[in-house]
Amino acid sequence: MYSFDRKARYYEWRHQCPAQRKIAVSPMVPQAARAVTDKLGIEVFGHAEDVTST
4 MYSFDRKARY YEWRHQCPAQ RKIAVSPMVP QAARAVTDKL GIEVFGHAED VTST
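Here the sequence shown stands for residues 4 to 57, numbered as in this note's numbering.
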């Protein structure tokens, strides 16, 4: 999840445009990684169909 956050920050820097959301879709995310996603502001979904629009 840390590398995903770094990629999102690079994207924001490169395109001079803030990401509206950081979304990870994975059926298996360990509990320790879930704590990291909360800290980094990453939304985690188990299936692509579970992603909701804002």
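C-beta atoms are modelled at their ideal positions from N, C-alpha and C, and glycine is treated no differently. Since this is a predicted model, take the numbers as computed values, not measurements.
Please determine, among the options, the residue with the shortest C-alpha to C-alpha distance to residue i.
{"i": "F48", "options": "A27, P33, T40", "result": "A27"}
{"i": "P30", "options": "A51, M4, D8, S56", "result": "A51"}
{"i": "V32", "options": "Y13, E46, A11", "result": "E46"}
How is residue i classed by DSSP in three states: helix, strand or coil?
{"i": "V54", "result": "coil"}
{"i": "V39", "result": "helix"}
{"i": "A11", "result": "helix"}
Looking only at its chain, what residues have a beta carbon closer than 6 Å to the beta carbon of residue i, apart from the 5 residues adjacent to it on each side?
{"i": "D8", "result": "L43"}
I believe residue i touches residue j by the beta-carbon criterion, under 8 Å. Please report the beta-carbon distance rounded to the nearest angstrom.
{"i": "M4", "j": "V39", "result": "5 Å"}
Whose C-beta lies closer than 8 Å to the C-beta of residue i among residues of the same chain, with five residues either side of it excluded?
{"i": "R24", "result": "E46, T57"}
Spell out whether any CB of chain B is found under 9 Å from the CB atom of residue i.
{"i": "R24", "result": "Protein chain content of the structure displayed is limited to a single chain, and chain B is not contained in it."}
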